[in-house]
Amino acid sequence: MLGEGDDDLNIRVIATYQSSDGLMELKVAMTGFMTEVMGRMVSSIPSLTSGATSVLETLSFCSADQGNAFLVPTPYYPGFDRDMRWWTGMKLILVHRCSCDDFTFSIKALDQALSMKKARSKGPWSTHFKIF
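Residue numbers for the sequence shown, in our numbering: -4 to 127.
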């Protein structure tokens, strides 16, 4: 039943989900494409994931250490809390935007969100963090 053959009992035929580390066929195809584009042999199989959760989690682990923070514009995908915070220990600093300014994103809004977070973090329980 857990075989990899072409029979009807192949787990990939029975299951409605794919492997969370990506399909081997896609990895091989991506490696071939990268080799063609780069003009040289790519020596490793690229790291591919299946779904937004595994992508966000992997990026969080690779980009930040525990206690670091990401600036995230609002409204935002609530799965970020689960995907980016729970396992990594990082923080999200929300950059509030509204419809009155067409939900635009500006340096001023980023600075304001960071300043507000730093002001609220003053005190004996404050932590130092890097912003990404």
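C-beta: ideal position from N, C-alpha, C; glycine also. Here the structure is a predicted model, which means the values were calculated and not measured.
Which class does residue i belong to by DSSP, given the choice of helix, strand or coil?
i: ALA24; result: helix
i: PHE56; result: helix
i: LEU51; result: helix
i: PHE65; result: strand
Could you give the distance in angstroms between the alpha-carbon of residue i and the alpha-carbon of residue j?
i: VAL32; j: GLY84; result: 37 Å
i: PRO70; j: PHE56; result: 23 Å
i: PHE28; j: VAL50; result: 21 Å
i: LEU54; j: GLY34; result: 27 Å
i: LYS113; j: ALA64; result: 12 Å
i: MET19; j: THR26; result: 10 Å
i: PHE75; j: ALA47; result: 10 Å
i: GLU52; j: TRP82; result: 8 Å
i: LYS86; j: ALA24; result: 36 Å
i: LEU66; j: ALA104; result: 10 Å
i: GLY62; j: SER94; result: 31 Å
i: ILE102; j: LEU21; result: 38 Å
Taking 8 Å as the limit between beta carbons, can you name the residues of its chain near residue i, skipping five residues before and five after?
i: PHE100; result: PRO68, VAL90, ARG92
i: ARG77; result: THR48
What span of residues does the alpha helix (DSSP H) with residue i cover, start to end?
i: LEU105; result: 102 to 115
In the DSSP assignment, find the beta strand (DSSP E) that holds residue i and state where it starts and stops.
i: LEU18; result: Neither: LEU18 is in no beta strand (DSSP E) and is coded neither H nor E.
Go through its chain and collect everything with a Cβ distance to residue i's Cβ below 6 Å, but skip five positions before and after it.
i: PHE98; result: ARG92
i: MET36; result: THR30
>> Is it the case that the region 81 to 94 contacts the region 105 to 112, given that we only count it when at least three CB pairs across the two stretches are under 8 Å?
In response: yes
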